[in-house]
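Just below is one structure, and these are the notes that go with it.
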Amino acid sequence: MTSLAFDQVSVAYSGRQAVAPFNDTVKPGEWLCIIGPNGAGKSSLLRSIAGVVPHTGRILVDGSPLSARSSRRRAQLIAYVPQSPVLPSGMTGAEYVLLGRNPFVTHFGSESVLDYSMVQDVIDRLDLHELATRDVDTLSGGERQRLVIARAIAQEAPILLLDEPTSALDIGHQQQALELVDKLRKEHGLTVVSAMHDLTLAGIYSDRLILMHAGHVVAQGVAEEVLRPETLGEFYGVSVRVHRESDGTIIVVPNRTSVF
Amino acid sequence: MNSTATSHENAGMWWIALASLLLVCSLLVGVMIGPAGPAWWRVPLELINRLPFFSIHSGLTDTDWSIVWQIRAPRVVLAALVGSTLSIAGASYQGVFRNPLVDPYLLGVAAGAGLGATIVITVNRSGTSTWWIDPLPLAAFIGGLIAVLATYLVGTTGKGERSSTSLVLSGVAVTSLATAAQTFLLQRNSDVVRQVYSWILGRLSSATWGDVRLVIPYVVLSTIALLLHRRLLDVLRVGDDEAAALGVNVSRVRLVVVVAATLGTASVVAVSGLIGFVGIIVPHAVRLIVGTSYRVVLPVSLLFGAAFLILADIPGRVLDNPAETPIGVVTAFLGAPFFLLILRARKTAQ
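Heads up: the protein sequence lines correspond to chains A and B, in order.
Just so we're aligned: 135 in the numbering used here is position 136 of the first sequence, and the numbers increase by one with no gaps anywhere.
Position in the second sequence (first residue = 1) + 19 = the numbering used here.
Put into structure tokens, the structure is as follows:
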């Protein structure tokens with residue numbers, strides 16, 4: 000299992016700061032969920048870990064800085080599921096999952112038998128046989144999401160980043176996708192960092208929450224400490240009720256504010 | 020059962036074998052047909068006769084053989100080199116820019132080469148006999164490279180390090196600039212318009228083994244470099260960000276592919292002029308037939324493009340002999356209906 004630490008990590012786009020210096024340590028096997036309104040810096044933080052946007056400060060994987068590693072080595076450690084993944088039309092499901100093996104293939108090489116059997120294994124375990132031979136263009140939102148997660152699993156990285164993994168899914172597929180991630184996390188000891196909009200789901204699945212606002216961390220802790228009406232009201236500008244179920248689940252429900 | 024991805028690779032091998040066969044047939048047909056010279060069926064007999072350990076009486080005279088070997092063969096080989104390079108360069112450009120409408124002339128190679136050629140034709144009206152080397156292909160080659168270099172410098176300065184859009188836009192600007200300069204020169208020297216125009220329309224008619232020797236190092240280098248990137252072009256299909264997250268150094272791959280494709284294109288443009296349509300139509304036709312994976316699209320485009328240009332060159336030299344129909348005109352005339360046909364067949368199949 001692998002830890003992920005942040006030492007004064009900040010992200011800026013043409014001089015405008017998106018993430019203010021961020022410090023945190025994600026424990027091995029932990030699921031950290033970043034919440035916050037649109038534009039809070041959640042995606043930017045994830046993208047900086049994935050190496051998609053430049054950052055200042057240090058990101059440490061098991062204590063050693065990511066910047067010292069090649070992009071291939073980084074991809075062996077960190078798998079990234081973006082908010083709206085591109086599934087190239089004309090590719091089959093299996094070919095798409097095979098892309099996850101890229102970090103293990105040499106620059107001009109081609110995939111080995113091992114890579115192919117790894118892909119087959121992921122397809123077996125995630126029960127994707129039906130999708131494997133189909134053109135990704137013909138898949139539904141839920142099927143696409145399963146395939147994208149499968150690609151990330153094929154990458155065999157100990158750290159999994161998920162940017163809004165459920166935003167395009169109905170409630171059933173949301174549950175399915177998150178249950179899948181949770182199961183894989185437990186099986187493989189993955190460390191998961193996700194950005195989520197659905198606060199109830201964020202509270203249910205994560206070990207710890209970080210609430211970001213305008214690039215700054217404004218609250219953090221377990222669901223009960225972060226998901227409070229006054230905190231959410233202040234940073235999301237909403238009026239909500241928060242229920243605590245007998246099993247400890249926190250449920251966030253928006254209030255109707257219009258007056259008739 | 021092996022994985023589905025492997026079965027795709029096998030299908031790819033079949034397509035490559037089929038396209039190779041087509042190319043061999045086209046090469047044969049290419050040397051068999053011409054406006055003057057021996058009966059077509061004597062040529063393959065003579066070719067077999069020339070192989071070691073074979074002796075067949077083909078009835079070819081020495082004159083016939085020199086028509087086949089000194090006139091037809093270099094032209095056919097050059098057509099193959101030009102067709103394969105434009106096709107694989109077009110497919111690669113479409114891959115790195117993730118834009119199906121891109122052709123190998125996108126970043127200004129054509130306009131730069133055109134300007135270079137125009138300058139030489141204008142300056143050197145009396146002919147090129149006093150030069151130790153033919154300056155026309157050299158000027159076209161250098162013009163093409165300078166134009167793409169300018170495009171790259173303009174397109175990558177500024178903040179959009181990874182944006183391919185700014186590169187494409189600066190290609191448009193450089194193309195306009197070079198075309199404007201060319202038009203200005205032509206207007207000042209209207210007596211060379213015809214010469215320049217015939218260069219622009221593409222020519223294989225004067226092909227010699229010297230032309231083949233001139234382009235072959237660049238063509239081989241560019242082709243090998245592009246073929247080596249075929250798997251990475253598949254990874255790039257998920258977009259710059261995700262490809263980067265999968266461990267691809269996107270800007271470096273793009274730079275290398277663009278440089279290789281440009282080098283190949285500039286060298287073939289230098290000897291053949293501008294042969295439009297091939298770089299865009301061949302990769303698309305190939306995609307419609309063999310699927311979208313660059314692992315198959317690149318090698319099949321290479322083989323198919325070579326065969327296509329050899330065949331497209333035949334009507335040009337047989338019809339209205341001794342005047343020649345420019346090859347660029349033939350490729351457009353043959354290519355457009357052919358493309359429509361495939362598009363239609365594909366639609367009906369679905």
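For glycine and all other residues, C-beta sits at the position ideal for the given N, C-alpha and C.
Beta-carbon of residue i versus every beta-carbon of chain A: anything under 9 Å?
i	result
B/Val290	no
B/Arg273	no
B/His76	no
B/Ile35	no
B/His303	no
B/Arg256	yes
B/Asn268	yes
B/Asn21	The pLDDT assigned to B/Asn21 is 46, lower than 50, so where the model puts this residue is not dependable; a value taken from the coordinates is nonetheless given after this. Yes, its Cβ sits closer than 9 Å to a Cβ of chain A.
B/Leu251	yes
Would you mind sorting residue i into buried or exposed? The rule is 16 or more other CB atoms within 10 Å of its CB.
i	result
B/Asn29	exposed
A/Asp169	exposed
B/Trp60	exposed
B/His76	exposed
B/Ala108	buried
B/Val337	exposed
B/Pro119	exposed
A/Ile101	The question names Ile, but residue 101 of chain A in the sequence shown is Asn. Buried, because 16 or more other Cβ atoms sit within 10 Å of the Cβ of A/Asn101.
B/Ala130	buried
B/Ala355	exposed
A/Ile145	Sequence check: residue 145 of chain A is Arg here, not Ile. By the 10 Å Cβ count, A/Arg145 comes out buried.
B/Thr202	exposed
B/Pro345	buried
A/Tyr12	exposed
In this structure, how does DSSP classify residue i when only helix, strand and coil are distinguished?
i	result
B/Tyr237	helix
A/His215	strand
A/His242	strand
A/Arg4	Checking the displayed sequence, the identity of residue 4 of chain A turns out to be Ala instead of Arg. If DSSP states are grouped into helix, strand and coil, A/Ala4 belongs with the strands.
A/Arg207	strand
A/Pro64	strand
A/Phe234	helix
A/Leu59	strand
B/Leu381	The question about residue 381 of chain B has no answer here: the residues shown for chain B are numbered 20 through 369.
B/Arg222	coil
A/Ala17	strand
A/Val251	strand
A/Ala78	strand
B/Thr194	helix
A/His101	Going by the sequence as given, residue 101 of chain A is Asn instead of His. Residue state, collapsed to three classes: helix.
A/Ala11	strand
B/Met20	Summary for B/Met20: the model assigns pLDDT 40, below 50, so the residue's position carries little reliability; its value from the coordinates is reported in the next sentence. B/Met20: coil per DSSP, three-state reduction.
Can you round the beta-carbon distance between residue i and residue j to whole angstroms, since I take them to be within the 8 Å contact cut?
i	j	result
A/Gly214	A/Ala17	6 Å
A/Ala176	A/Pro164	6 Å
A/Ser63	A/His54	Actually they do not touch by this definition, with Cβ atoms about 16 Å apart.
A/Leu210	A/Phe234	6 Å
B/Arg14	B/Arg256	There is simply no residue 14 of chain B to check, as chain B begins at 20 and stops at 369 in what is shown.
B/Ser241	B/Ala279	5 Å
A/Ala74	A/Val118	Contact flag wrong, Cβ pair sits at about 16 Å.
B/Gly324	B/Val301	4 Å
B/Val96	B/Val231	5 Å
For residue i, decide whether its Cβ has a neighbour in chain B, counting only Cβ atoms nearer than 9 Å.
i	result
A/Arg73	yes
A/Val10	no
A/Pro64	no
A/Ile77	yes
A/Leu306	Lying outside 0 to 259, the shown extent of chain A, residue 306 of chain A is not represented and no answer is given.
A/Gly50	yes
A/Gln144	no
A/Leu98	yes
A/Phe5	no
A/His215	no
At 8 Å on the CB atoms, spell out the chain E contacts of residue i, in chain order.
i	result
B/Ser312	In the structure shown, chain E does not exist; the protein chains are A and B.
**OP:** Counting only runs of 4+ residues fully inside the segment 244-295 of chain B, write out the alpha helix (DSSP H) ranges in chain order.
**Re:** 249-255, 259-264 and 269-291
Subject >> Those runs of the alpha helix (DSSP H) which lie wholly inside the segment 42-73 of chain B and span at least 4 residues >> reply: 61-69
**OP:** Please specify which runs of the alpha helix (DSSP H), each continuous and at least 4 residues long, are wholly inside the segment 81-155 of chain A, giving them in chain order.
**Re:** 92-97, 112-124, 128-131 and 140-153
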